[in-house]
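For reference, the structure discussed in these notes is given below.
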Amino acid sequence: ARGGWLPRLGAGETFDRIVGSDLVYERTHAETLPHVLRERLARPNGVAMLFGAVRDRALLDALVDGAETFGLDVDQTKVAENKNDALDWYEGGYVALRVRWKT
612 ARGGWLPRLG AGETFDRIVG SDLVYERTHA ETLPHVLRER LARPNGVAML
662 FGAVRDRALL DALVDGAETF GLDVDQTKVA ENKNDALDWY EGGYVALRVR
712 WKT
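Under the numbering used here, the first residue of the sequence shown carries the number 612, and numbering increases by one thereafter.
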C-alpha cells in the first residue's frame, strides 16, 4: 500500500480465523475488542484465538463479558503460571482464549 499504510478493511468484511496476542493493556482495549470480534469474525463458524498475559484479571473478565454479550462463546485455557520472579509477574499468568459464535 502507498505510504506504508495497509489498505482499509471493507465494510462488512469478515474473517474465518482471527489470531491476536497481547491485546489488552487498558480498559478501553477490553471494551473495544468484543466490538471488533462482533464485526469481523465470520458467522457462523469463525474462530478467534487470542493469547496473552493476564495483567489485570478484571480487564480479562470485561473482555469475556463483552464478547458473551454479543453472542460469542469464550473458552479460556491457562497456558502458563507465573514464574514468581520480578521479571515475569502477571496477575493471572498466561491464557489462550478461543472465541466463536454461540450455537
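Each residue gets a CB set at the ideal place from its N, CA and C atoms; glycine is no exception.
DSSP lists 683 as the bridge partner or partners of residue 712. In its chain, beyond the 5 residues on either side, 653, 656, 657, 658 have a beta carbon closer than 8 angstroms to the beta carbon of residue 627.
Here DSSP, grouped into helix, strand and coil, assigns residue 622 to coil. No residue range can be given for residue 635, since it is assigned to no alpha helix (DSSP H) and is classified by DSSP as neither H nor E. By the neighbour-count criterion, in which 16 or more other beta carbons inside 10 Å mark a residue as buried, residue 711 falls on the buried side.
Annotated as distal: residue 630 and residue 663, with beta-carbon spacing of 8 angstroms or more. In this structure, residue 676 and residue 713 do not form a Cβ contact; the two beta carbons are roughly 14 angstroms apart against a cut-off of 8 angstroms. When beta bridges are read from the DSSP output, residue 688 appears opposite 707.
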